[in-house]
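One structure is given here, and the rest of the page talks about it.
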Amino acid sequence: MLKIMTPGPTQVTKNVRDARALETTNPDLDLDFLDFYSETCDILADILHTKHNTMILCGEGILALEAACASLTEKGDRVLVIENGVYGEGFKDFVSMYGGEPVLFSTDRERPVDPKELRAFLEKDRAFKYATLVGCDTPSGVRNPAGELCKILKEFGIISVVDVVSEMFVSELFVDKDNMDIVCGASQKALSAPSGLSLMAVSDDALKVIRNRKTPVAAFYANILTYCDYRKNKSFAYTMSASCINGLHRALLNVKEDKDIYKRHERIGTAVRKAVTAGGLKLFLKDGFSNGVTVFKLPQGVDCDQLLATIRKDFDIMLAGSFGFLDKKVIRIGHMGTNCNEKDVEDTLQALGESLKKLGFTPKCDMRAEFKKVLK
Ligand SMILES: *Cc1c(COP(=O)(O)O)cnc(C)c1O
Numbered sequence: 354m355l356k357i358m359t360p361g362p363t364q365v366t367k368n369v370r371d372a373r374a375l376e377t378t379n380p381d382l383d384l385d386f387l388d389f390y391s392e393t394c395d396i397l398a399d400i401l402h403t404k405h406n407t408m409i410l411c412g413e414g415i416l417a418l419e420a421a422c423a424s425l426t427e428k429g430d431r432v433l434v435i436e437n438g439v440y441g442e443g444f445k446d447f448v449s450m451y452g453g454e455p456v457l458f459s460t461d462r463e464r465p466v467d468p469k470e471l472r473a474f475l476e477k478d479r480a481f482k483y484a485t486l487v488g489c490d491t492p493s494g495v496r497n498p499a500g501e502l503c504k505i506l507k508e509f510g511i512i513s514v515v516d517v518v519s520e521m522f523v524s525e526l527f528v529d530k531d532n533m534d535i536v537c538g539a540s541q542k543a544l545s546a547p548s549g550l551s552l553m554a555v556s557d558d559a560l561k562v563i564r565n566r567k568t569p570v571a572a573f574y575a576n577i578l579t580y581c582d583y584r585k586n587k588s589f590a591y592t593m594s595a596s597c598i599n600g601l602h603r604a605l606l607n608v609k610e611d612k613d614i615y616k617r618h619e620r621i622g623t624a625v626r627k628a629v630t631a632g633g634l635k636l637f638l639k640d641g642f643s644n645g646v647t648v649f650k651l652p653q654g655v656d657c658d659q660l661l662a663t664i665r666k667d668f669d670i671m672l673a674g675s676f677g678f679l680d681k682k683v684i685r686i687g688h689m690g691t692n693c694n695e696k697d698v699e700d701t702l703q704a705l706g707e708s709l710k711k712l713g714f715t716p717k718c719d720m721r722a723e724f725k726k727v728l729k
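Here it is as structure tokens:
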């Protein structure tokens with residue numbers, strides 16, 4: 354069976370697939386569904402350590418990012434776009450699409466954003482309605498200190514929009530303590546449900562800013578205000594995707610019941626990095642490694658598409674290349690969520706080693722054996 358060892362979508366467990374096959378009700382009319390949806394949001398809130406408004410939007414993760422920007426931005430608003438990667442930079446398009454003026458705070462793409470540098474920048478210029486940042490910028494795997502950055506933004510009175518789509522459930526998030534105002538997640542990364550849902554936690558500070566807009570939000574489906582009062586209104590603005598939410602509920606319980614989840618990601622993430630480096634491969638980053646994805650440079654003379662095709666054909670394992678400025682330059686192993694288990698990672702490293710050898714690059718060691726040694 355095909356093993357999807359990519360940094361999202363990840364492998365979906367049987368109990369999530371089974372939950373998605375359950376009989377469904379009319380989600381608009383059945384108050385039992387409303388209770389089920391609310392309970393699902395409560396489990397999410399519990400995992401994220403937040404009392405903020407949590408909601409599930411029916412649309413792939415990008416919808417959360419767009420909803421945050423659509424709901425906050427008014428014509429002429431200055432927005433700080435903190436970026437050191439593809440997703441970080443991408444926020445500028447959402448900001449300008451809704452009439453805002455993005456101001457880029459760009460830093461070294463091989464390292465995490467430095468909180469001290471952000472503070473120094475804000476001391477000179479703090480006139481921003483909100484700021485955007487990314488927890489793990491998945492194409493490079495760089496992991497930013499999102500909590501620290503949000504706390505600094507709050508000190509300067511700036512609302513934060515945080516894309517933690519590929520960081521949520523990989524490392525523990527403390528949304529309230531870290532002052533994260535609008536948190537964006539998705540179903541298909543470390544949560545290991547299929548793609549299709551966005552997860553959001555929205556603070557009262559953020560809701561106040563949205564409610565105090567001078568002009569109405571220029572979106573229907575991407576308007577946070579249409580989602581956030583479902584408990585009070587006892588209804589949804591749109592028909593919810595019942596099967597997707599059935600699956601999500603189960604996937605969230607899987608995370609909640611997994612007492613070892615964050616430690617396991619750290620252990621396996623660290624061991625994968627050690628194994629591929631020992632094999633003579635070069636990591637893309639200098640610092641700030643995500644524990645959900647490992648990104649290494651293609652060795653001289655090895656073609657990206659050929660390597661991916663060989664691993665797929667000979668071993669039935671799917672790895673990922675990347676995109677944006679890293680297109681065809683790196684390979685990504687996704688060891689987040691369900692993928693984060695020793696057996697699958699061992700098989701992946703074995704397949705990677707043999708495929709590299711077939712294409713002319715002989716690793717300096719048996720990366721699978723090295724991985725096992727490090728884990729012991
Ligand atoms: C996956 C991901 C998203 C959602 O976008 P996709 O269309 O699934 O790629 C948003 N932000 C980050 C950082 C992601 O990794």
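Residue numbers for the sequence shown follow our numbering, so the first one is 354 and each next one is one higher. Heads up, the beta-carbon is just placed ideally off N, CA and C, and yes, glycines get one too.
- Relative to ligand 1, the nearest heavy atom lies less than 7 Å away from the CB of Gly-361.
- Shown here for Leu-601: same chain residues with a beta carbon closer than 7 Å to its own, the five before and five after excluded, namely Thr-393, Ile-409, Ser-540, Ala-546 and Leu-550 in chain order.
- The C-beta of Glu-508 has fewer than 16 other C-beta atoms within 10 Å across all chains shown, which makes the residue exposed.
- In the three-state DSSP reduction, Val-495 falls in the strand class (E or B).
- Look at Ser-675: its beta carbon is at least 7 Å from all of the heavy atoms in ligand 1.
- Remark: the shortest separation between the CB of Asp-478 and any heavy atom of ligand 1 does not fall under 7 Å.
- Counting the other Cβ atoms within 10 Å of the Cβ of Thr-378 gives fewer than 16, which makes it exposed.
- For Ala-539, the beta-bridge partners assigned by DSSP are Ser-551.
- Between the stretch 355-374 and the stretch 686-703 there are three or more C-beta pairs closer than 8 Å, enough to call the two in contact.
- DSSP lists Val-432 and Ile-512 as the beta-bridge partner residues of Tyr-483.
- Taking C-beta atoms as the reference points, Phe-714 and Ile-684 fail to come closer than 8 Å.
- Under a 10 Å Cβ-count criterion, Ala-480 is classified as exposed, with fewer than 16 other Cβ atoms of the shown protein chains found around its own Cβ.
- Here DSSP, grouped into helix, strand and coil, assigns Pro-455 to strand.
- Residue Leu-425 holds the alpha-carbon nearest to the alpha-carbon of Asp-558 among Phe-642, Val-517, Leu-401 and Leu-425.
- Relative to ligand 1, the beta carbon of Lys-612 is positioned no closer than 7 Å to any heavy atom.
- In the three-state DSSP reduction, Leu-672 falls in the coil class, being neither helix nor strand.
- Following the DSSP letters along the chain, one finds Met-408 inside the beta strand (DSSP E) bounded by residues 406-411.
- With a threshold of 16 other beta carbon atoms within 10 Å, Cys-718 falls short and is exposed.
- With a 10 Å radius around the Cβ and a threshold of 16 neighbouring Cβ atoms, Thr-592 comes out exposed.
- Taking all protein chains shown into account, Leu-382 has fewer than 16 neighbouring C-beta atoms within 10 Å of its C-beta and is therefore exposed.
- When the Cα atoms are used, Asp-658 and Lys-681 turn out to be separated by approximately 8 Å.
- The closest heavy atom of ligand 1 lies 7 Å or more from the beta carbon of Lys-710.
- The alpha-carbon separation between Ile-686 and Thr-663 amounts to approximately 15 Å.
- Counting along the chain, the unbroken beta strand (DSSP E) around Lys-650 starts and ends at 646-650.
- In this structure, Cys-489 sits away from Asn-532, with a CB-CB distance that is not shorter than 8 Å.
- Non-local beta-carbon contacts of Phe-474 in its own chain, meaning distances under 8 Å to residues more than five positions away in sequence, involve Phe-458 in chain order.
- Here DSSP, grouped into helix, strand and coil, assigns Asp-490 to strand.
- When only Cα atoms are considered, Leu-384 and Gly-414 end up about 26 Å apart.
- Relative to Leu-636, the option among Ile-357, Glu-619 and Leu-679 whose CA is nearest is Leu-679.
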